[in-house]
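In this note's numbering, the protein residues as written are 41 to 716. In what follows, a single structure is set out as structure tokens and then discussed.
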């Protein structure tokens with residue numbers, strides 16, 4: 041019996057294991073097996089002896105034909121609760137069930153593969169096709185007459201036509217190649233273990249920006265650390281990474297284009313942005329990566345610092361600014377002082393009516409020109425205080441409306457009744473600050489800082505450029521007082537931080553590629569600077585020279601305080617309305633010919649010269665540094681006084697570092713005073 045039980049037990053166990061294995065392999069649930077067994081046993085029970093269908097109590101079976109549960113103690117049928125289906129089930133025509141079909145249909149749906157990948161990567165299940173943004177950079181035809189800017193009403197000046205400026209040709213962009221480069225960037229990051237997804241591409245005139253979303257858990261610093269690896273994979277000399285793009289949850293990788301577009305000044309000045317700009321100091325800067333034309337209002341900057349290495353496009357940017365002024369503003373609105381120590385950049389603008397003096401090329405005279413701007417600023421503040429206005433805009437509006445009337449009996453210096461006239465904006469452009477700092481660093485820094493702090497309200501604005509952005513040139517005081525910056529390509533990260541207080545300029549590609557940082561923005565905007573041909577500049581200059589046959593310069597701009605008073609600062613050129621408030625224009629004269637007629641006079645500067653004569657003669661020491669200490673003036677002004685003393689015969693010529701010989705004795709000085 042034991043052997044028999046062991047044998048049958050083994051058989052039953054094997055059968056049970058086989059049945060369980062069959063159910064697991066086929067994926068058949070136990071409910072299907074129970075239902076199949078029920079349908080098989082019910083006909084057998086109905087065909088059994090003594091259990092015919094007519095003799096069966098219908099209460100012993102439920103609606104499905106399954107026997108009800110009977111309580112063993114009481115013999116009562118336990119009620120069964122059945123959930124009501126939404127729709128009545130149809131009657132089955134056959135009691136046979138195909139187990140394989142039911143099992144196949146009863147399998148639970150397996151999760152889709154894309155959903156698993158989305159959970160692992162953190163991206164959405166839907167595949168997003170990246171967009172390729174190709175901005176429309178086409179410009180209007182140069183012959184359209186409505187593109188010309190009209191001068192103010194009542195002005196006798198005629199602005200140059202837009203036809204003098206050429207336009208750049210539009211180019212077609214192969215979006216397929218752009219997307220292929222984006223996929224290459226995506227694959228390069230994946231090789232370094234950085235999971236990203238390309239969501240967009242923007243094709244600019246200089247660079248293409250690829251926008252990438254990071255996978256879940258990927259740090260932004262991991263992307264920025266692969267800057268050189270990305271440049272290698274993209275076969276590019278350099279790339280710039282925006283981590284993140286301002287205002288977006290994406291990383292931007294800017295890769296230089298193999299075929300760059302040229303942005304002409306005519307393209308910017310003919311754009312909608314230029315037509316909407318009404319201020320005379322609105323100038324063309326270039327076009328950003330989104331194809332938007334960028335105009336810059338120098339009055340709101342209010343001063344700007346420009347830096348970049350040789351060949352980066354700094355001089356082209358200055359020429360674009362000056363050209364924009366000549367195309368959009370009359371001499372009644374804007375006057376300029378051009379300081380060009382290189383002697384070759386701004387000579388082409390000579391004899392245009394916008395200039396207050398000829399382009400200044402001597403660094404010593406350039407320091408004097410900045411000092412003149414400070415004196416002009418103080419004079420304008422006195423004028424605004426006299427009439428009760430806060431800034432030049434309100435003053436000019438009141439003058440045009442005739443709201444300012446001089447007091448009865450008040451006369452100008454020439455004896456004529458005093459009248460108030462509009463003040464033009466004054467733009468001081470310095471091409472190379474480094475040369476000025478080498479000659480007269482103290483005087484230049486002091487003048488620049490004073491103008492930067494106070495000159496905005498009276499309409500005097502600075503544009504300062506340098507190709508050597510070192511701390512010796514762009515000092516802390518200058519940086520603190522000149523908030524707006526434009527950085528072209530520089531040679532090192534240190535230079536970028538000097539000009540922008542952040543990195544990025546060393547990653548530019550040159551030829552007009554720049555970063556512009558506004559006075560109230562901490563983020564630099566990448567722009568392709570505009571280009572102006574020299575032939576176009578000559579045509580515009582010729583247009584203005586034809587309207588001003590004889591140009592009258594202000595004699596007191598490029599000389600120091602010992603020359604002509606600065607109150608003749610806004611004498612207008614022939615052909616335009618006279619704008620001088622105090623003194624009418626002087627005859628045309630070179631700035632080097634301005635000399636005092638004698639040692640005495642009613643002017644403060646003549647008194648300063650007389651003090652210098654007394655100091656030198658009484659001490660018998662012809663030293664410039666002594667004049668600096670005793671008279672409390674800068675080096676440039678003290679040197680100028682010493683040169684004047686040499687011309688008058690008071691001291692001898694310079695002998696290097698030695699003091700000059702004094703040719704006049706104290707007795708001779710007393711005799712000269714008695715004669716005067």
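Each residue gets a CB set at the ideal place from its N, CA and C atoms; glycine is no exception. These numbers were taken from a predicted model, which means no experiment stands behind them.
Beta carbon of residue i nearer than 8 angstroms to that of residue j
| i | j | result |
| --- | --- | --- |
| residue 701 | residue 671 | no |
| residue 343 | residue 501 | yes |
| residue 417 | residue 358 | no |
| residue 471 | residue 574 | no |
| residue 326 | residue 244 | no |
| residue 401 | residue 195 | no |
| residue 518 | residue 479 | no |
| residue 285 | residue 251 | yes |
| residue 211 | residue 301 | yes |
| residue 524 | residue 557 | yes |
| residue 229 | residue 576 | no |
| residue 305 | residue 364 | yes |
| residue 218 | residue 262 | no |
| residue 310 | residue 202 | yes |
| residue 552 | residue 689 | no |
Cβ neighbour criterion (16 or more within 10 Å) applied to residue i
| i | result |
| --- | --- |
| residue 94 | Note on residue 94: pLDDT 44, under 50, position unreliable in the model; the coordinate value appears next. Classification of residue 94: exposed, given that the 10 Å Cβ count is below 16. |
| residue 51 | exposed |
| residue 570 | buried |
| residue 259 | exposed |
| residue 441 | exposed |
| residue 511 | exposed |
| residue 289 | exposed |
| residue 57 | exposed |
| residue 48 | exposed |
| residue 317 | buried |
| residue 341 | buried |
| residue 436 | buried |
| residue 53 | exposed |
| residue 601 | With a pLDDT of 48 at residue 601, under the threshold of 50, the predicted position of this residue should be treated as unreliable, though the coordinate-derived value follows. Answer is buried; the Cβ neighbour count reaches 16. |
| residue 141 | Note on residue 141: pLDDT 43, under 50, position unreliable in the model; no value is reported. |
| residue 464 | buried |
| residue 366 | buried |
| residue 695 | exposed |
| residue 231 | exposed |
| residue 586 | exposed |
| residue 589 | exposed |
| residue 257 | exposed |
| residue 208 | buried |
| residue 609 | Residue placement at residue 609 is flagged as unreliable, the pLDDT there being 36, under the threshold of 50; a coordinate-derived value is accordingly withheld. |
| residue 372 | buried |
| residue 405 | buried |
| residue 705 | exposed |
Bridge partners - residue i, DSSP secondary structure assignment
| i | result |
| --- | --- |
| residue 677 | Answer by DSSP bridge pairing: none, since residue 677 is not bridged. |
| residue 506 | 347 |
| residue 571 | 304 |
| residue 554 | 567 |
| residue 378 | 469 |
| residue 250 | 241, 293 |
| residue 718 | No information on residue 718 is available, as it lies outside the stretch 41 to 716 that the chain covers here. |
| residue 326 | 334, 569 |
| residue 662 | 700 |
| residue 228 | Residue 228 pairs with nothing; no bridge assigned. |
| residue 695 | 698 |
| residue 400 | 379 |
Distance cut-off 7 angstroms: residue i Cβ against heavy atoms of the ligand MG
| i | result |
| --- | --- |
| residue 196 | For the ligand MG, the structure offers nothing, since it holds no ligand at all. |
Integer-rounded CB distance, given that residue j should sit under 8 angstroms from residue i
| i | j | result |
| --- | --- | --- |
| residue 504 | residue 334 | That belief does not hold up - the Cβ atoms of residue 504 and residue 334 are roughly 20 angstroms apart, past 8 angstroms. |
| residue 546 | residue 533 | 5 angstroms |
| residue 329 | residue 247 | 6 angstroms |
| residue 361 | residue 389 | 12 angstroms between Cβ atoms; not a contact. |
| residue 528 | residue 292 | The pair is not a contact, with the Cβ atoms about 21 angstroms apart (cut-off 8 angstroms). |
| residue 226 | residue 236 | 6 angstroms |
| residue 432 | residue 498 | 6 angstroms |
| residue 295 | residue 274 | 5 angstroms |
| residue 476 | residue 407 | 6 angstroms |
Residue-chain proximity (residue i, chain D), Cβ-Cβ < 8 angstroms
| i | result |
| --- | --- |
| residue 342 | Judged by its chain identifiers, the structure shown contains no chain D, having just a single protein chain. |
Whether or not the stretch 320-333 and the stretch 377-396 are in contact is what I'm after, with contact meaning three or more pairs of Cβ atoms, one per stretch, closer than 8 angstroms; do they touch? Contact fails: fewer than three Cβ-Cβ distances are below 8 angstroms.
For the stretch 379-397 and the stretch 535-552, state whether three or more C-beta atom pairs, one from each stretch, are separated by less than 8 angstroms. Verdict: no, contact absent.
Between the stretch 650-669 and the stretch 703-715, do at least 3 Cβ pairs fall closer than 8 angstroms? In short, these stretches touch, since the Cβ pair count reaches three.
Does the stretch 397-416 come into contact with the stretch 673-680, if we say contact requires no fewer than three beta-carbon pairs (one atom in each stretch) closer than 8 angstroms? Enough Cβ pairs lie closer than 8 angstroms, so yes.
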